[in-house]
Amino acid sequence: MGSLEIRQFTCLNDNFGVLAHDPDTGKTLAVDVPDADAVMAELEAAGWKLTHILITHHHADHTQGLAALKARTGAFVIGPAKSATRVGPFDQSVGDGDVVPFGGDEIRCIATPGHTLDQISYWLPGAGVAFTGDTLFAMGCGRLFEGSAEVMWASLEKLIDMLPSQTRIYCGHEYTLANARFAVSVDPANAALADRLAEVEALRAAGKPTLPTTMALEMQTNPFLRVHDAGLQEAIGLAGAPAAEVFAEVRRRKDSF
């Protein structure tokens with residue numbers, strides 16, 4: 006399943022649509038449906054037939070095209086049990102630890118609340134990819150609309166513990182440049198971060214996407230994952246503080262950046 010083919014494309018303003026195709030079985034999944042027409046256009050360009058839809062959370066910019074795409078393709082819809090009545094109907098509602106077969110691999114469901122309470126991240130270990138919705142971004146994390154800082158930090162810790170370092174991370178939005186500029190403000194001595202900011206600026210200037218990222222790269226440059234780092238703690242005046250407290254302060258600063 007390491008041959009999984011992935012197409013990432015822009016939807017709406019700064020949302021990403023993602024299609025993942027298993028050439029051995031012909032199975033194809035879409036991650037969230039910001040815009041059914043955009044997903045259909047990408048399917049047609051690739052010559053793929055949609056078989057599965059994964060929903061990460063209930064926000065409209067991730068679900069508003071679901072009904073239309075389901076009607077046009079008949080794809081099997083998988084989504085968080087906590088929002089099944091809010092978004093559904095889902096063909097399968099999932100929660101933390103559930104496993105769904107897909108082609109020759111499996112989709113592992115990881116509850117990662119914080120941005121919303123229903124958020125599920127999806128990991129395909131055989132393909133080495135994860136779809137983190139609005140929980141983990143490149144050099145960022147989702148705004149806390151429903152969960153607390155403690156809840157979100159616990160979710161990020163879960164991803165740190167579970168996902169191998171070379172896992173490719175696909176996120177819900179192209180927020181990377183803004184996230185990088187903020188990251189430098191709280192982690193100014195991080196040379197890897199400075200290099201990555203320059204790289205991201207060049208990519209965006211050329212109109213190119215900054216995703217996917219990897220867990221290894223995020224561990225080096227994402228301030229929300231680096232809350233144990235002494236340099237970052239010192240930079241925000243919380244040397245030696247508990248990780249959850251450092252995370253909460255970094256999130257507070259990002260909210261007003």
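Per my numbering, the very first residue in the sequence shown carries number 6; after that it's consecutive. Heads up, the beta-carbon is just placed ideally off N, CA and C, and yes, glycines get one too.
F95 to C146 span [Cα, whole Å]: 26 Å
Inter-residue Cα distance where the pair is M6 and D110: Residue placement at M6 is flagged as unreliable, the pLDDT there being 41, under the threshold of 50; the coordinate-derived value follows with that caveat. Computed Cα separation, rounded: 6 Å.
8 Å contact criterion, which H22 and K54 should meet: CB distance rounded: Sequence inspection shows Gly at residue 22; the His mentioned does not correspond to that position. Not really, about 16 Å apart at Cβ, beyond 8 Å.
CA-to-CA distance, P214 to L208, given in whole angstroms: 7 Å
Test item: CB-CB of T226 and L198 under 8 Å: yes
Sequence-distant residues of its chain with Cβ nearer than 6 Å to Q97 (five each side left out): I83
Simplified DSSP state of F187, which is helix, strand or coil: helix
Beta-ladder partner(s) of H178, from DSSP: N20
DSSP-derived helix/strand/coil call for Q270: Since the displayed the chain opens at 6 and closes at 262, residue 270 lies outside it and no answer follows.
C-alpha distance - A89 paired with A35, whole-angstrom precision: 18 Å
Residue closest to A132, alpha-carbon to alpha-carbon, out of G100, G79, N20, D29: D29
Within 8 Å, strictly: CB atoms of M144 and A185: yes
Secondary structure of V38, DSSP reduced to three states: coil
Bridge partners - F107, DSSP secondary structure assignment: D110
D42 burial status per 10 Å Cβ neighbour count (16 or more: buried): exposed
Check whether C176 and L141 have beta carbons under 8 Å apart: yes
Alpha helix (DSSP H) segment containing H67, residue limits: 65-68
G236 in three-state terms, based on DSSP: helix
8 Å Cβ cutoff, W128 in contact with chain D: The structure shown contains no chain D; it is built from a single protein chain.
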